[in-house]
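First up is the structure itself, then whatever we jot down about it.
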Amino acid sequence: MTQPSPSSSSSSSSLDAPARPAAAEFGGALAQRAARVRAVAEGEVFVDDGGQSRLVRVAASCLLEPLVDDLVLIVAPADDPGGYILAVLERRADAPATLAAPGTDLTIRADEGRVRVTGQTGVELATPGTLELRADETRMQSRSVKLFIDECAAIVRSAFASLTKLTHVGEAVELLVSRFVQRSEHSTRVVAGVDYTEAQEVDLRAENNVHVRSERTVVNGREVVKLDGGQIHLG
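Sequential numbering from 18 applies to the sequence shown in the numbering used here.
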């Protein structure tokens, strides 16, 4: 049997290796030994235990995916070319690590404590499907947050935000509320086009002065136009 080169990082699924029995068909005494990974194929790993080349599978309890040149612990009958990888014993310090579990779903649970995921340079969550987050209380602390969202829908019963500066840039803003209250120390609004207000009643109040300046000013009242003041100056 031709042994794959140690430099190859993967092997095709048609590795020329003798067929091995399933776990239920293992006969005789099982022995554990260290082996070196020579190639990784789809669902199977080619290892060399120093005296024999074996085409083995990864045990369900071994969550760390083996890589080429890893030193692994295998279990197999002495007279059988197959076996299972129980654990990865040694790996290069600069090699990546991937945890994988067989089956369709994976649950990480702490019955009486916290689950922490930490990364020195970053943490990534990626899925082509749906990412769900459920909690009684959610806290997030960050120096900077950037969101890139094509479409966003939010249903919030109550919201409070304390902002030092808020800048909004967009093509259209639509606000639908039963009551709108705005309080500020100073307010400035610049409208390049038409500023249109429609209401049943409009009440403008000022403590001191009200200035209306324009090239032309038109006031239309269908029934009554009333001016009332201590003094009225026209012209």
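From the three backbone atoms N, C-alpha and C, an ideal C-beta is built for every residue, glycine too. Just so you know, these numbers come straight off a predicted model, no measurement behind them.
- Checking the DSSP bridge columns, you'll see ILE102 partnered with VAL75 and ILE91.
- For the stretch 164 to 230, there is no continuous beta strand (DSSP E) assignment of 3+ residues that stays within its boundaries.
- If you look at ALA56, you'll find it in the beta strand (DSSP E) that goes 47 to 57.
- Three or more Cβ pairs drawn from the stretch 81 to 89 and the stretch 112 to 125 lie within less than 8 Å of each other, which places the two stretches in contact.
- Contact check for LEU88 against ARG53 passes: the beta carbons are separated by less than 7 Å.
- In this structure, TYR101 keeps its C-beta atom at 7 Å or more from the C-beta atom of ALA117.
- Taking all protein chains in view, the Cβ of GLU61 is crowded by 16 or more other Cβ atoms within 10 Å, so the residue is classified as buried.
- Across the structure, SER204 and THR135 are spaced so that their CA atoms are roughly 45 Å apart.
- The DSSP-derived three-state label of SER161 is coil.
- Around the beta carbon of CYS169, a 10 Å sphere encloses fewer than 16 other beta carbons of the protein chains shown; the residue is thus reported as exposed.
- In this model, VAL64 and ALA58 are separated by some 11 Å (Cα to Cα).
- VAL62 carries a strand assignment under DSSP once its states are collapsed to helix, strand and coil.
- In this structure, ALA104 and LEU47 do not form a Cβ contact; the two beta carbons are roughly 15 Å apart against a cut-off of 8 Å.
- Looking at the DSSP output, GLU107 bridges to LEU88.
- Here LEU148 carries a coil assignment [DSSP, helix/strand/coil].
- For a cut-off of 8 Å, the C-beta gap from GLN137 to LEU90 is around 28 Å, too long to register as a contact.
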